[in-house]
């Protein structure tokens, strides 16, 4: 009856599990805490380590276990523990074991400063089945702690990374490009290339989000100061010019078009994020009251079946958005979305000027728009994209 | 050490794995290390593999498992017994089942 192997191995690509339709929920994000032992000025979520009020309001172990059980019943195969710093959560180990025994892969976002020999033993014995993802803020103490603003955090992070590396627990690294560390990018990439599980260049945060709870004007001012200019972002994006252009040609052919008045052109609402206090969100960043539901009143299933699909049908109403973003063919290059609008302005449909500048800077570099031209006024955008995609890279002479 | 699989033997799923039906796919997820070839693999069984897996309860021998399956699948008793032995051999090598 049977030919070949009886057991089929399925590597990390979860998409290969299902041929046609997918389960209601494939991946769950849980913010275990908003507290963090670092104090990064650019962070959109962090609360102080010793914030007792936040700690008191966080979900209990039993509540999180119930959420995990419901997620599994809906078909979930991966849970991502994020924060804040998820390893700060006192019951992290219990929740990790519980998740793994439910048959979940566990994806951990961490700064690695709290990785201990005990945790590494656990990860060796019971592997997460997903690569641990580590944010690295600098290659030397002054740059790292210039970002983290916690003395001793550089040594702690590198100790954690070394522990994982020595015991061969799979991890990848990502960076946040800030004035304190942006000149270390080559050094960071050279080092990251030595990590066996890095199968591509590291990802970077650079278009920093404002506070996603809109909780501090002072912190928002700080974040804005730390954002690289559109021109500096462009320099980073195009530092490997041929590669960048090749990738952008492929990208533009698929994803560049005006999105009209539909607010949600992203994947938001297809998955579920649960914040540290038991609110369900369509994505980690979107905390607008119209898009957030209380787990005490709404189950994950109800959110996915009844609420998020309706949310995804929401239309933009802001005239500024309708005359610009709705008609702009740079949608694929631009990070404009309801979450970004929420964080910047407290609305779902206000154009975010910083993101608009960054997208236009890229489009100018790629020759998709002229100097001073606004992409939402371009009628022949299909023709421009076609011309760009057919050009042979490298073709652009204006590399600075 | 080579393990000899015999139709008289009884097996049951290891506690080091979790089997789940996820949207029609029957998958086996390692809990402990040493089951997968790499640290990020899970496994799937086809309909026949799943039918065998679900009968491995540590109480019924493999001959009994094959006998039950012969009423469900169109094949000779010998073919079904061979497939039961083949699958259990592979599961045993991967430490996904244990001898009862």
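Chains as they are written, first to last, in this note's numbering: chain A, 1 to 400; chain B, 1001 to 1100. Idealized CB from N, CA, C, for every residue including glycine. Computed from a predicted model, the values in this text were never measured in an experiment.
For residue i, three-class secondary structure by DSSP
i	result
residue 27(A)	strand
residue 293(A)	strand
residue 48(A)	strand
residue 262(A)	strand
residue 1061(B)	strand
residue 1088(B)	helix
residue 347(A)	coil
residue 285(A)	coil
residue 151(A)	coil
residue 1006(B)	coil
residue 1019(B)	strand
residue 391(A)	coil
residue 124(A)	helix
residue 238(A)	coil
residue 35(A)	strand
residue 166(A)	helix
residue 272(A)	strand
residue 279(A)	strand
residue 315(A)	strand
residue 14(A)	Residue placement at residue 14(A) cannot be trusted, given a pLDDT of 49 that sits under 50; what the coordinates show is reported in the next sentence. Three-state DSSP puts residue 14(A) in a helix.
residue 1083(B)	helix
residue 247(A)	helix
residue 1037(B)	coil
residue 131(A)	coil
residue 232(A)	helix
residue 181(A)	coil
residue 1094(B)	coil
residue 19(A)	coil
residue 57(A)	helix
Any non-hydrogen atom of the ligand SAM within 7 Å of residue i CB
i	result
residue 1083(B)	As for the ligand SAM, it is missing from this structure, which has no ligand bound.
Boundaries (first-last residue) of the beta strand (DSSP E) holding residue i
i	result
residue 109(A)	105-110
residue 1030(B)	1025-1030
residue 61(A)	Run containing residue 61(A): none in the beta strand (DSSP E); it sits in the alpha helix (DSSP H), 61-73.
residue 199(A)	No beta strand (DSSP E) contains residue 199(A), which DSSP labels as neither H nor E.
residue 81(A)	78-82
Close Cβ partners of residue i (< 6 Å) along its chain, the five nearest in sequence each way excluded
i	result
residue 1070(B)	1077 and 1080
residue 461(A)	With chain A covering only 1 through 400, there is no way to say anything about residue 461(A).
residue 399(A)	Low per-residue confidence applies at residue 399(A): pLDDT is 41, beneath 50, and the placement is therefore not dependable enough to give any value.
residue 421(A)	Because chain A here runs from 1 to 400, residue 421(A) falls outside it and cannot be looked at.
residue 249(A)	389
residue 1066(B)	1080, 1081 and 1084
residue 268(A)	282 and 283
residue 331(A)	259
Segment limits, alpha helix (DSSP H) that includes residue i
i	result
residue 1045(B)	From DSSP, residue 1045(B) is part of no alpha helix (DSSP H) but of the beta strand (DSSP E) over 1042-1045.
residue 175(A)	Looking at the DSSP string, residue 175(A) is not in any alpha helix (DSSP H); the run it does join, the beta strand (DSSP E), is 171-176.
residue 362(A)	353-365
residue 98(A)	92-101
residue 336(A)	No alpha helix (DSSP H) contains residue 336(A), which DSSP labels as neither H nor E.
residue 147(A)	141-148
residue 480(A)	The shown model of chain A, from 1 to 400, leaves out residue 480(A), and the question about it has no answer.
residue 1073(B)	Counting along the chain, residue 1073(B) falls outside any alpha helix (DSSP H), and DSSP gives it neither H nor E.
residue 10(A)	It is not in any alpha helix (DSSP H) - residue 10(A) instead sits in the beta strand (DSSP E) that spans 7-10.
residue 321(A)	319-323
residue 211(A)	Residue 211(A) -> no alpha helix (DSSP H), and no H or E assigned at all.
residue 226(A)	217-226
residue 186(A)	185-192
Same chain only: Cβ atoms within 8 Å of residue i, ignoring 5 sequence neighbours per side
i	result
residue 8(A)	none
residue 17(A)	10 and 77
residue 371(A)	364
For residue i, the residue or residues it bridges with in DSSP
i	result
residue 1099(B)	1011(B)
residue 205(A)	176(A)
residue 136(A)	175(A)
Spatial neighbours of residue i in its chain, beta-carbon cut-off 7 Å, leaving aside the 5 residues before and after
i	result
residue 58(A)	33, 276 and 277
residue 112(A)	134, 157, 160 and 161
residue 234(A)	361, 362 and 365
residue 1109(B)	No answer is possible for residue 1109(B): it lies beyond the span of chain B, which begins at 1001 and ends at 1100.
residue 1009(B)	1061, 1062 and 1099
residue 358(A)	207, 230 and 233
residue 1101(B)	Within the shown structure, residues of chain B are numbered from 1001 to 1100, placing residue 1101(B) beyond reach of any answer.
Amino acids of chain E, ordered along the chain, whose beta-carbon sits closer than 7 Å to that of residue i
i	result
residue 1031(B)	Note that chain E does not occur in the displayed structure, where the protein chains are A and B.
If you pair each beta-carbon of the stretch 342-351 of chain A with each one of the stretch 286-293 of chain A, do three or more pairs fall below 8 Å? yes
So, does the stretch 197-206 of chain A touch the stretch 142-152 of chain A, judging by three or more C-beta pairs under 8 Å? no
Within the chosen definition, does the stretch 370-388 of chain A reach the stretch 1061-1075 of chain B through at least 3 CB pairs nearer than 8 Å? no
Quick check: the stretch 258-278 of chain A against the stretch 46-60 of chain A, are at least 3 beta-carbon pairs closer than 8 Å? yes
Using 8 Å as the threshold, is the stretch 1035-1054 of chain B in touch with the stretch 81-100 of chain A, meaning 3 or more CB pairs across them? no
Measuring CB atoms only, is the stretch 209-219 of chain A touching the stretch 31-49 of chain A, in the sense that at least three cross pairs come out at less than 8 Å? yes
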